Every structure is written in structure tokens, then in C-alpha cells.
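Numbering (the working numbering), first residue to last: 7 to 526.
A virtual CB, placed ideally from N, CA and C, is assigned to each residue, including glycine.
The structure presented is a predicted model; accordingly, all values stated were derived computationally and were not measured.
A short write-up of the structure that comes next.
Pasting the structure below:
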């Protein structure tokens, strides 16, 4: 196993050094000369990097990513490039990941959401520089349309390295794509009545003369009353220029080879959930009723719950890319938007995504997003056991490993729920979350001794790390220790190896008995 992991450029040298025997006469001179030669020919830095990567490779046998690679951070494309090279991994999709998958499949509401979020957090360079997607038509449209509009409701959040002119352009693009998004989503909801999301079509509820909106039975004043592209008689219709921009962007996303390559990785290595070594991994929640029972959800005219819901949604994500039937493919694409924000989506799990309200309304009660009962039942052992059983797991060694929700450790919240049966380990590396959580997230480590949780401090920057000689500091603590060290034969890999051995032994027996004859 070690030999397979050795980097090609230094494989022979490293093998010589790790099999060093100091007791052998004159061998020390030989080993020292190897190191001296590496330094003399200017390969020391490359050798150090290769050794560091080898150590990392041997320490981390398999990597699980519990979703949201594409959540708000400035470099998801760089992460995906690194993951392409990774020796062994799986990904449990997060709702942000599925949103990007929908965008890559050409779903226009997903594309608008992706651009809006990048604009909101000052990360448009992900699209322009990372993926080479041309945003100039959108920028030109936004600057012309909102030339005299301060767009105060659309200021950037979090960190951005933009200069003042870039910030002003970004803010206008932010508003332009947000209005386009609300129009497209209104069309999509009307097209799919089975989504039951009529309450999220809000543009027709606005009184454009008064500058107010009626939600439920209450009227609210809008913080921004300038809607030059909205026709009050047909508020969800795109203008000719908006439609042209979205057509161009749709083609750009679908034909971006780098983006498609990254989505292929998400599809080949990813899924909505994973059962691995007796653990259940997923990103969001298993939709529940208030009594803790599995919630039934209708998808395309049929009812699903629990594991069945995960599997049908997973299948439709793949249909959105690969289905031969045009209608099935289109529904799969629309369902990726559904997975992004629907109350019954396992990857979202709130009664609404209050995007419009957060932009346009001052009243905080309208911003509230009610969580699915799942989140209030995380400490209920019976409910958690039922979820594990639904996915074919039981016993003391079974755990739910849950992403999606940042743990507010600064407020005393613990990632360990239900006596250690549930572990909420959102990565939390996005700077947007770190003020809320007080940490840069968690990593769960699983080895033959048990489960170890590492809590990471925020990483300032590479420059600061060099100047201050600091690094990412992590506090680790043991969650569960096995009474007896777990052997390879007890893991999923061990079971696969046993099956392969049994097959080979059957083949050998058949050969020795003359049932199969060697060819030639």
C-alpha cells in the first residue's frame, strides 16, 4: 500500500530512505549522499512537497465531504481541482452544490441564484476568472438600468477585495440578477404547481405605486421601490434584454468545459447520502413530522419518505444531466432548484428561503425561516434510531454524521447530539459563518481506535501564517473509543476484499477440478 502511494518522481529515492538500516556498514554515508544530492541539484523544495503530500496521503485513507463545497467561499473551483486529484473520496451533496449542478445543467433559476450569491459575497471572479463565464452583458445591462439607483439594499456582505468602482458595479449587477431571479422563480413555480410554492411568488403582490407588498393579510413598505424592469401587469415576464442575457448565460454555463468537468466529479463521487462503515452521512435533514415520524413528500405525482425520498431526488438530479426523454430531463433540472430551497427538500429543511424579505423588508419577523422538526428532535434517541433503521443501520456503533447547519460553539452549542449518536460537523470554513460560530468548522476523524472530532480555529491568510509563523490550530477530543481495535475485515473495504477472496478461491477450485481449462 505504501509503495502504491509513492510519488513517481521520487518513488525510488523515498523507498531507499524508508527502508534505511543504520546498522548496515557504511549505509549512513549512502543515505546522506542521497539527501545532499537532492539539495545540490535544486530539488529540495519539490522533495519536501512530495514528502508532505505522501504523509497526508497515508494519514487520510479516504475523505468524506459532507456537502456545500460551493457555499459562499471564494475558491470552490480550486477545491474541485484538488479533489479531482484525490486518491479516494466521496461527497454528500449540499444544497449549494446541487444549485451549481442545476446551473451547469442549464436551469435558468439556478443560474440566476448562483450569480446572485457570487455578487452578494463579492465572489464574481469565481465565474469570470475561475470558469471563464462572460458577465459583461449583465454588467452593461445593470449599469445602464440602475445608473442613478444607489441599490442600497444590495450592498456586499462579508469580505471582498474589490475596489470602489468594482463594488459599485457589483452592487448594480447584484440588484439586476436578483430581480431576474424573482421573475424566473415565479415562472418556474407556475410551471410546476406540484411544488406547492405559490406563496413564494411575490412580485404580483407588490403595489408598485405605493411601494408596498401584501404578505398574508399584512401590508409592508418596501425598502427599495425602484423596479424599472418589472411590468406591474405581467411582473414575472423578462424584458427582451433580460431574456437575451439569460439565454447567453445559459449557453455559457452549459458549454463551460471546466464547470462541466467539476460537475462530473460531483456526479461520479457524490450522492444525497452515504452509508459507510456503519455510519449514515448526509448534508441537511431527513424531513420529519412534528411527532418525529417520517414526512411523506410528493414528487412527480408519487409519495416518498425517508430513504425513498433521498433516492428519488438523487435519481432526478442525474436525469437532469443524462435523461434521454426531454421532459424527464427538464423536470430533473427543475427539481435541482426544488432541492436547493424547498421546505420538503432534505438539503434545505426550512419553511421558506426568505431571500426577497431579507432584501426588501425591514420587519425581522418576515426574515424568519422555520426549521423542520428534525432539528428540534436531534436529541430524541428514538427518532434518531428510527432514521438509522430506515437506512438499514442499528446498534451502538451506528452514527448519523450531519452537515449543513453551522454549530454556534461561541454560544456553547455542541456538535455532539443525542449522546454521541448524532454528530453535526458542518465544515464552516466560509468566512461568512465564522462570526456566528466562533470557529472555522469541524473535521471528524474515524480510525481503528474510534471517533475523534477536531475543531478548527479560523485561518487568517497564507501571508499572515508566514509572517506570524502561525498555522491552523485544531483542538481534538475523543468522542468514542472502541473496546477492541477495529480491524480491516470489519470495514466496508474489508467486506469487499473478503468477497474478492471468496471469488478467487472459487475460481482456483474450479481450475483445480478441471471445470475451467487454461486457454492456449
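Nearest candidate by alpha-carbon position, reference residue 361, set 351, 346, 286: Translated into the one-based positions of the chain shown, residue 361 becomes position 355. Closest option to residue 361, Cα to Cα, is 346.
Uninterrupted alpha helix (DSSP H) stretches inside the segment 156-206 (no shorter than 4 residues): 170-197
Inter-residue spacing [alpha-carbon to alpha-carbon] between residue 331 and residue 162: For the purposes of this step, residue 331 is taken as residue 325 along the chain shown, with counting starting at 1. For the purposes of this step, residue 162 is taken as residue 156 along the chain shown, with counting starting at 1. Their backbone Cα atoms lie some 41 angstroms apart in a straight line.
DSSP-derived helix/strand/coil call for residue 276: For the purposes of this step, residue 276 is taken as the residue at position 270 of the chain shown. Strand, per DSSP.
Exposed unless 16 or more other CB atoms sit within 10 angstroms - verdict on residue 202: Start at 1 with the first residue of the chain shown, and residue 202 comes out as number 196. So residue 202 ends up on the exposed side.
Beta carbon of residue 286 nearer than 8 angstroms to that of residue 406: Your numbering for residue 286 matches position 280 in the chain shown. Your numbering for residue 406 matches position 400 in the chain shown. In this structure, residue 406 lies closer than 8 angstroms to residue 286 by Cβ.
The segment 120-135 / the segment 68-80 touching (three or more Cβ pairs under 8 angstroms): yes
Runs of beta strand (DSSP E) lying entirely within the segment 218-290, each at least 3 residues, in chain order: Here the runs fully enclosed are 218-221, 224-227, 279-282, 285-288.
Residue span of the alpha helix (DSSP H) that contains residue 102, given as start and end: Taking the first residue of the chain shown as position 1, residue 102 is located at position 96. Looking at the DSSP string, the run of the alpha helix (DSSP H) that includes residue 102 is 101-110.
DSSP state of residue 456 mapped onto helix, strand, coil: For the purposes of this step, residue 456 is taken as the residue at position 450 of the chain shown. Correct three-state label for residue 456: strand.
Rounded Cβ spacing between residue 206 and residue 195 (contact assumed at less than 8 angstroms): Within the chain shown, numbered from 1, the residue matching residue 206 stands at position 200. Within the chain shown, numbered from 1, the residue matching residue 195 stands at position 189. Rounded, the Cβ-Cβ distance is 6 angstroms, consistent with contact.
Inter-residue Cα distance where the pair is residue 523 and residue 298: For the purposes of this step, residue 523 is identified with residue 517 of the chain shown, where counting begins at 1. For the purposes of this step, residue 298 is identified with residue 292 of the chain shown, where counting begins at 1. Roughly 59 angstroms between the two C-alpha positions.
For residue 354 and residue 111, believed in contact at Cβ under 8 angstroms, the rounded distance: Within the chain shown, residue 111 is the residue found at index 105, counting from 1. Within the chain shown, residue 354 is the residue found at index 348, counting from 1. Going by Cβ atoms, the distance from residue 111 to residue 354 rounds to 19 angstroms, so no, they are not a contact pair.
Status (buried if at least 16 other CB within 10 Å, exposed otherwise) for residue 351: For the purposes of this step, residue 351 is taken as residue 345 along the chain shown, with counting starting at 1. Buried is the call here.
Span separating the alpha-carbon of residue 483 from that of residue 145: Taking the chain shown and counting its residues from 1, one reaches residue 483 at position 477. Taking the chain shown and counting its residues from 1, one reaches residue 145 at position 139. So the two alpha carbons sit approximately 49 angstroms from each other.
Residue-chain proximity (residue 35, chain B), Cβ-Cβ < 8 angstroms: Considering every chain present, this structure includes no chain B. It has just one protein chain.
8 angstroms CB neighbourhood of residue 175 in its chain, flanking five on each side removed: Working through the chain shown from its first residue, we reach residue 175 at position 169. Closer than 8 angstroms at Cβ, skipping near neighbours: 145, 148, 149.
Secondary structure of residue 3, DSSP reduced to three states: The chain is shown from 7 up to 526; residue 3 falls before or after that span and cannot be answered.
At least 3 beta-carbon pairs within less than 8 angstroms: the segment 153-160 vs the segment 173-187: yes
Opening and closing residue of the alpha helix (DSSP H) in which residue 96 lies: Residue 96 sits at position 90 when you count from the first residue of the chain shown. Per DSSP, residue 96 belongs to no alpha helix (DSSP H); it is in the beta strand (DSSP E), 95-98.
Cβ neighbours of residue 318 in the same chain (closer than 7 angstroms, five flanking residues each side left out): What you label residue 318 is simply residue 312 of the chain shown in a count that begins at 1. 305, 310.
Neighbour-count burial assignment, residue 56, 16 or more Cβ in a 10 Å radius: Start at 1 with the first residue of the chain shown, and residue 56 comes out as number 50. Flag for residue 56 reads buried.
Nearest candidate by alpha-carbon position, reference residue 118, set 329, 509, 258, 214: As a working note, residue 118 is residue 112 in the chain shown. When each option's Cα is compared against that of residue 118, the closest is 258.
Contact check, residue 47 vs residue 53, beta carbons under 8 angstroms: In the chain shown, residue 47 corresponds to position 41, counting from 1. In the chain shown, residue 53 corresponds to position 47, counting from 1. In this structure, residue 53 does not lie closer than 8 angstroms to residue 47 by Cβ.
Same chain, Cβ closer than 6 angstroms to residue 393, neighbours up to 5 away in sequence not counted: Numbered from 1 along the chain shown, position 387 holds the residue referred to as residue 393. Excluding sequence positions up to five before and after residue 393, its CB lies within less than 6 angstroms of the CB of 292, all in the same chain and listed in chain order.
Reduced DSSP secondary structure (H/G/I, E/B, other) of residue 140: Your numbering for residue 140 matches position 134 in the chain shown. In this structure, residue 140 counts as coil in the three-state DSSP scheme.
Where residue 235 falls, given that 16 or more other Cβ within 10 Å makes a residue buried: Position 229 of the chain shown, counting from 1, holds the residue named residue 235. Under this definition residue 235 is a buried residue.
Run of the beta strand (DSSP E) containing residue 487, from where it starts to where it stops: As a working note, residue 487 is residue 481 in the chain shown. Unbroken beta strand (DSSP E) run through residue 487: 480-487.
Those residues which DSSP pairs with residue 304 across a bridge: As a working note, residue 304 is residue 298 in the chain shown. Residue 304 pairs with 309.
C-beta atoms of residue 391 and residue 375 nearer than 8 angstroms: Counting from 1 along the chain shown, the entry for residue 391 is found at position 385. Counting from 1 along the chain shown, the entry for residue 375 is found at position 369. Not in contact: residue 391 and residue 375 (Cβ atoms no closer than 8 angstroms).
Inter-stretch contact (C-beta, 8 angstroms, three-pair minimum) for the segment 267-276 and the segment 86-99: Contact between the segment 267-276 and the segment 86-99 is present, because at least three Cβ pairs lie under 8 angstroms.
Residue 336 versus residue 113 - alpha carbon distance: Position 330 of the chain shown holds residue 336. Position 107 of the chain shown holds residue 113. C-alpha separation (whole angstroms): 8 angstroms.
Residue environment, residue 409, which counts as buried when at least 16 other CB atoms sit within 10 Å: Within the chain shown, the letter at position 403 stands for residue 409. Residue 409 is buried by the Cβ-count criterion.
Element boundaries [alpha helix (DSSP H), containing residue 65]: Taking the chain shown and counting its residues from 1, one reaches residue 65 at position 59. Counting along the chain, the alpha helix (DSSP H) containing residue 65 begins and ends at 50-65.
Secondary structure of residue 448, DSSP reduced to three states: Here residue 448 corresponds to residue number 442 of the chain shown, with the count starting at 1. Residue 448: strand per DSSP, three-state reduction.
Chain-order list of residues whose beta-carbon lies under 8 angstroms from that of residue 66 (same chain, five-residue window excluded): Sequence index remark: in the chain shown, residue 66 carries index 60 (1-based). Listed in chain order, the non-local C-beta contacts of residue 66 below 8 angstroms within the same chain number zero, local neighbours out to five positions each way being set aside.
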